[in-house]
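Trainee:
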Amino acid sequence: MSAPPTGAHVQRADDVLGVVRERRPDDPDHVARVTWADAPQRADRVAIGGLRPHLASGMQVEHVPRSGAPSWGTGTVQAVETPGGRTRALVDFWLQERRTWLPWTALRQIPPVETAYQKVTDAAQTDPEGFRLRNLAFALDRWHANTGALSPLDIDPLPHQIHVAHTILTSGNLNWMIADDVGLGKTIEVGLIVAALMARRYRRFLFVVPAGLTRQWKDELRDKFDVADAMIYGDDFAIDDARQWKAFDRVIVSIDRLKADAHLDTFLSADDWDLIIFDEAHRLGREETGRTYGTTARYRAAAALRARTEAVLLLTGTPHQGKDDKFRALLELLRPGPEAKRQFVRLRHHPEILEGLVLRNRKADVTDADGTFVFRGKDVRTVEVPETDLAADFEDALRAYVREGYGVTGGSDSTRRAIGFVMTTYRKLAASSYAAIHRALVRRAARLRGEAIDDRSDDAPEDERYVEQDERESAAAKRRDEFFTGEADRLRRLIDLAERLVEDDAKVAWLLDEVVARHEAEDRDGKLLLFTEYRTTQEHLTRALEARYGAGSVAVIHGGQSPSERRRQIDAFHADASFMISTEAGAEGINLQRACHVMVNFDLPWNPMRLVQRVGRLYRYGQRKRVQVVNLRSPASADDDVVAKMYDRLESIATNLAHVGGYEDGREGLQDDILGSLVGNLDLDVAEVLAAAEGDEHPAQERIDAAIARAQEAAKMRDDLLEYAGRYDPSDLADDLPLDVEHVKAFAEGAFARADVRITARRYGGDVWDLHLPEALRDHLRLRTNVRIAFTRPAARTRDAASFGPDHPLYQVMRDHFTLHKPDTLTAPLAGADGRLALTTVLRWNDDRGRRVRDEYVAAVLRGDGEIVLNPPDWADALLTPAPAATGP
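Numbered per the working numbering, the sequence shown spans residues 1 to 889.
1. If you follow the alpha helix (DSSP H) that T425 is part of, which residue opens it and which one closes it?
2. Does D235 have its Cβ less than 8 Å from a Cβ in chain C?
3. Check whether the Cβ atoms of R427 and L690 lie closer than 8 Å to each other.
4. Thinking C-alpha only, which one of N361, R492 and F373 is nearest G726?
5. Quick one: is D38 buried, meaning 16 or more other Cβ sit within 10 Å of its Cβ, or exposed?
6. For L17, which residues from the same chain have a beta carbon less than 8 Å from its beta carbon, with the 5 sequence-adjacent residues on both sides left out?
7. By how many angstroms is the C-alpha of L136 removed from the C-alpha of A3?
8. For A828, which option in F225, S71 and D127 has the closest C-alpha, if you only look at C-alpha atoms?
9. Using the rule of at least 16 other Cβ atoms within 10 Å of the residue's Cβ for burial, across every protein chain shown, is Y619 buried or exposed?
10. With three or more C-beta pairs closer than 8 Å as the rule, is the stretch 182-198 touching the stretch 610-630?
11. Return helix, strand or coil for N591, following the three-state DSSP convention.
12. Could you check whether L830 and F131 sit closer than 8 Å to each other, using their CB atoms as the reference points?
13. Using the Cβ count rule (16 or more neighbours within 10 Å means buried), how would you classify Y647?
14. Locate the alpha helix (DSSP H) running through K378, then write down its first and last residues.
15. Express the C-alpha separation of D15 and T105 in angstroms, rounding to a whole number.
16. Just mark I162 as buried or exposed, buried being the case when its beta carbon has 16 or more other beta carbons within 10 Å.
17. Does the contact criterion of 3 or more C-beta pairs under 8 Å hold for the stretch 715-725 versus the stretch 352-367?
18. How would you call R941, buried or exposed, if buried means at least 16 neighbouring beta carbons within 10 angstroms?
19. Where do the ends of the alpha helix (DSSP H) carrying Q343 lie?
20. Given a threshold of 16 other Cβ atoms within 10 Å of its Cβ, counted over all protein chains shown, does R86 qualify as buried or as exposed?
21. Answer yes or no: do D325 and E287 have a C-beta to C-beta separation smaller than 8 Å?
22. For G49 and R201, I'd like the C-alpha separation in whole angstroms.
23. Considering only C-alpha positions, which residue in the set L398, A544, Q812 and D672 is nearest to A364?
24. The alpha helix (DSSP H) with V190 in it runs from where to where?
25. Out of D756, V787 and P774, point me to the one whose CA is closest to V768's CA.
26. Measure the beta-carbon distance from M609 to G680 and round it to whole angstroms, keeping in mind my assumption that it falls under 8 Å.
27. Near R891, what residues of its chain come up, given a Cβ to Cβ distance below 8 Å and the 5 sequence neighbours on each side ignored?
28. Just mark A440 as buried or exposed, buried being the case when its beta carbon has 16 or more other beta carbons within 10 Å.
29. Going by DSSP, which residues form a beta bridge with A687?
30. With three or more beta-carbon pairs closer than 8 Å as the criterion, would you say the stretch 411-420 touches the stretch 489-502?
31. Determine the contact status of L133 and F818, defining contact as a CB-CB distance below 8 Å.
32. Could you spell out the range, first to last residue, of the beta strand (DSSP E) harbouring I353?
33. Could you tell me the distance, in whole angstroms, from the CA atom of A56 to the CA atom of T76?
34. With the cut-off set at 8 Å, would you say L862 and L837 are in Cβ contact?
35. Once DSSP output is grouped into helix, strand and coil, what is the label at W273?
36. Please report the Cβ distance between T537 and S432, rounded to the nearest whole angstrom; I am assuming they are in contact, meaning their Cβ atoms lie under 8 Å.
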């Protein structure tokens, strides 16, 4: 028979209350010593079987398990029952988020916290330092639970990132669209959220991302958020039996792999996910035509998975793209069901519903913790490469050739369209480099001569992001008959001119002698990022740069590389390589802001969004310098001239709009926000415009201006709508206690002193501490005697330093010790607080299943004038100061 714990409240048959003074479970007579209310001076030996518990709903109790078992701490009795004559209580252990039935002999009643406030505090019976550390433990733990801000990130989160995490984690639901501008660190925001949810015991997370970003997500989850067990489906593991899913709780999968029926069925056989994150969510397309939907396989996959989770996060830097129907489709993933669908149809009339669905921060508004704007802006300059007579001759010959191709009248409509596509591709290649067009023309001429062509070099990955696929010869280009009479003769002249231009490439020479040389003079140790659309151009530039600067000076990224090779090239650029040359494969998902701030566009992409993506590789969170962008322009190329003028027009409009609408100062970053908004709504195929202009009286520039005007209107409509999305406002966190790394240090120092942990050295400005642990604590935690901890993310990268926070075992044991119910730490005089009285508590909101939705640590301070202030800054200051030892009367 189990004996009740010492301190348990019991009753006699006559209802007189008593307290167990000693439990003797091994006593052969099964007795306990009890002091009764009617005889408080003695302790009677009482048979355990004759004791009745004094338990009722609302009582505060402490779990006292059998020897060796862990305690669940303190809780509140929710109900009491006696089935089969054995009394048990349903106890809510709020710290552990556990509600369970326990036998009464495992519980000890404790005075409710309110009792401590009803008594006149005797300073000799309190522990001011323990009170301070208890409050710090709760405050830091709640701050982490609501923001994830104490997780071991590799970088310090910015205020807007903490705000995004805090808003979502305290909103009561996890279904949100994070629509921050490109480069504002949406991955960091997700990491904060995941870290906080894991602290809340959420377990299963699915990351659905573009194919080219699976490895990057795995690396960042491991390196920045310490989620080391995230696995890539299809690369790291496969599922042959649905039961195998139980081994994989953090999973990354590419959307294009997921959408395949066989893989989707495999995912639908898995247990439900706690949270599913869709990166680049604007790729989940669905269009409406009347009452019918044109749904992509990606969207169908996302909709199917939505039924397997209660929570979805959608990440996108371009949430609307000027298409209401596509935007509504994304919102329906957040709020499925007919009622929400009816609301979204009226979105234009009731845009306020976005306030609880979408969060959007703009680069122009983002600041650091000191209120300094983070993004330092960018400078764009266009450099015209001097025109040569040879380049002009080639341009004339190419224009004549493509006009003949566009003018083909024979054959079917599909044949004429195919030939037109070839002509457009040749124009794009010529605008990139003479090397690129020369290669294409040589291969076309060889086909006409009936020569065999090695097509292996045309293999390209399936990922649609890689625009260098345009370099592959289309079926029409592989035809062995002429497109038009005399094509072979025209090709011979074009190839001769192109070959001479490749040998003496004025554009490459200008790049080396003017752009690179000027960069060297201004920043000798600075690195340079170059972008081009095509692999052939990339290879041409690599040869030229290595000829001048030596082998190993150039790193390259292109679509044909494996993830590991791309990673090696990025590492080389961060290390010794002076140049990185990237095709469009590098224009999404690869972050180079820590290595470089100068970018050269050797060619201008005909899709304006691709240029925005290129700039986004440098102009993003973590960039410490003003970004410099250099565009090379060849006036000899009519196409290059049209494209360059298009970008000039977009930049001009963005600059003008940045100085109106309340932003007369032209705030840095706003121009780029506006430009991104314009481009995101620019429904324009430059290739089609240029092709159509060949046989039309309307010039290409006129058509482009009309498209830009439509984009302006669409951008305005989108911005009017998204004005109702939530965004960072410093006042939103005004009621939260202002905590920072100094509070973590203050907690550590005080807790270590209590645990006999010696701080043997403080390094790196006090951000790294060397510790000596006592033997008992060392053995309990299975740590070494000497431990090095770090309080900041950069400091944690030093040798053998571990981030001191919620995931560190030493932090956990210190936190758990000071959150235990100890009467002498419930009240205390605390120096430094400006007020007569302060009441501290943790408020909790649960969902309908009893799971924690939100916690808040609150200090309500009564000022001298009778005003009650919540979480005042001086309370945060008071928690930093060690309390003096209590003195008796």
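We treat Cβ as the ideally placed atom computed from N, Cα and C, and that holds for glycine.
Quick caveat, the model's predicted, so the values are computed rather than measured.
Mentor: Reading off the structure:
1. Element bounds for T425: D413 to S432.
2. Of the protein chains in this structure there is only one, and it is not chain C.
3. Result yes, Cβ atoms of R427 and L690 sit closer than 8 Å.
4. When each option's Cα is compared against that of G726, the closest is N361.
5. By the 10 Å Cβ count, D38 comes out exposed.
6. Contacts found: H9, V10, Q11, W36, A37 and H54.
7. For A3 and L136, the gap between their C-alpha atoms comes out near 36 Å.
8. Considering only alpha carbons, the answer is D127.
9. That one is buried.
10. Touching, yes, given that three or more Cβ pairs across the two stretches are closer than 8 Å.
11. In the structure shown, N591 sits in coil (DSSP, three-state: anything other than H, G, I, E or B).
12. Yes, the pair counts as a contact, with Cβ atoms nearer than the cut-off.
13. The residue in question, Y647, is buried, as its Cβ has 16 or more Cβ neighbours within 10 Å.
14. Note, K378: premise wrong, no alpha helix (DSSP H); beta strand (DSSP E) at K378 to E384.
15. Each residue's alpha carbon lies about 18 Å from the other.
16. The residue in question, I162, is buried, as its Cβ has 16 or more Cβ neighbours within 10 Å.
17. Under the Cβ criterion (8 Å, minimum of three pairs), the stretch 715-725 counts as touching the stretch 352-367.
18. Because the chain in this structure spans residues 1 to 889, residue 941 falls outside the shown range and cannot be described.
19. Per DSSP, Q343 belongs to the alpha helix (DSSP H) from P338 to V345.
20. The residue is exposed, with fewer than 16 neighbouring Cβ atoms inside 10 Å.
21. D325 is a Cβ neighbour of E287, given a cutoff of 8 Å.
22. CA-to-CA, the gap between G49 and R201 works out to about 39 Å.
23. Among L398, A544, Q812 and D672, the Cα nearest to that of A364 belongs to D672.
24. Where V190 is concerned, the enclosing alpha helix (DSSP H) stretches over K186 to A199.
25. Of all alpha-carbon atoms in D756, V787 and P774, the one lying nearest the alpha-carbon of V768 is that of V787.
26. Indeed they touch by this definition, with Cβ atoms about 7 Å apart.
27. The requested residue 891 is not part of the displayed model; the chain covers only 1 to 889.
28. With 16 or more other Cβ atoms within 10 Å, it is buried.
29. Answer by DSSP bridge pairing: none, since A687 is not bridged.
30. Not touching, per the Cβ criterion.
31. In contact: L133 and F818 (Cβ atoms closer than 8 Å).
32. Counting along the chain, I353 falls outside any beta strand (DSSP E), and DSSP gives it neither H nor E.
33. Distance between the alpha carbons of A56 and T76: 10 Å.
34. Cβ distance < 8 Å, so L862 and L837 count as in contact.
35. Strand, per DSSP.
36. Rounded to whole angstroms, the Cβ separation of T537 and S432 is 5 Å, and the two are in contact under 8 Å.
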